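S.K.: In the working numbering, the protein residues as written are -11 to 157.
Glycine included, each C-beta is placed from N, C-alpha and C at the ideal position.
It should be emphasised that the depicted structure is a prediction, and the values quoted were computed from it without experimental measurement.
(1) Is the beta carbon of residue 95 sitting closer than 8 Å to the one on residue 81?
(2) May I have the straight-line CA-CA distance separating residue 102 from residue 60, to the nearest angstrom?
(3) In whole angstroms, give me the CA-to-CA distance for residue 43 and residue 37.
(4) Which term fits residue 230, buried or exposed, when burial requires 16 or more other beta carbons within 10 angstroms of its beta carbon?
(5) Would you mind sorting residue 15 into buried or exposed? The rule is 16 or more other CB atoms within 10 Å of its CB.
(6) Report the three-state DSSP secondary structure of residue 76 (helix, strand or coil).
(7) Can you check whether the CB of residue 130 is closer than 8 Å to the CB of residue 87?
(8) Are there 16 or more other CB atoms within 10 angstroms of the CB of residue 55, so buried, or fewer, so exposed?
(9) From the DSSP output, in three-state form, read off residue 25 for me.
(10) Taking 8 Å as the cut-off, decide whether the C-beta atoms of residue 92 and residue 13 are in contact.
(11) Note down the Cα distance separating residue 90 from residue 75, rounded to an integer number of angstroms.
(12) Quick one: what does DSSP say residue 105 is sitting in, helix, strand or coil?
(13) Note down, in chain order, each residue of its chain lying with its Cβ closer than 6 Å to the Cβ of residue 47, except the 5 sequence neighbours on either side.
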């Protein structure tokens, strides 16, 4: 029986670990907190594999929030980088005037001074303010917070189930 629990835990752990170069993310943009992009896992928004095309798509989404973001999100090439840059999922909520924008997409993983969240927060002003910005590297991790899967909670549930099962027998 412990072998079954161990196997389940191992599978869940392996499923939770993704290759940073092949991460799949939600990619969408909205100018409202009440449309599909606000809660992509409840709507028909598919995961996309992060690549150069998706990085450009994220840049385009960002430029719709504020034109100054176009330069911040610029990526020349991920293929020519020494050792290739890791990729991450991005979730960003920005207030521009009285409007809130939700952006989900692909971005370079944090490395050295390459941190898009820090860069957009440094550009905050009276008109444009980053309300939330986060990056992650597991499949679909840039979803809405209340629906994110958590490997630790899943593992804890598996262990508690095993203990409860053993106690009842």
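M.R.: Reading off the structure:
(1) no
(2) 10 Å
(3) 10 Å
(4) In this structure the chain extends from -11 to 157, so residue 230 is not present and cannot be described.
(5) buried
(6) strand
(7) no
(8) exposed
(9) helix
(10) yes
(11) 20 Å
(12) helix
(13) 61
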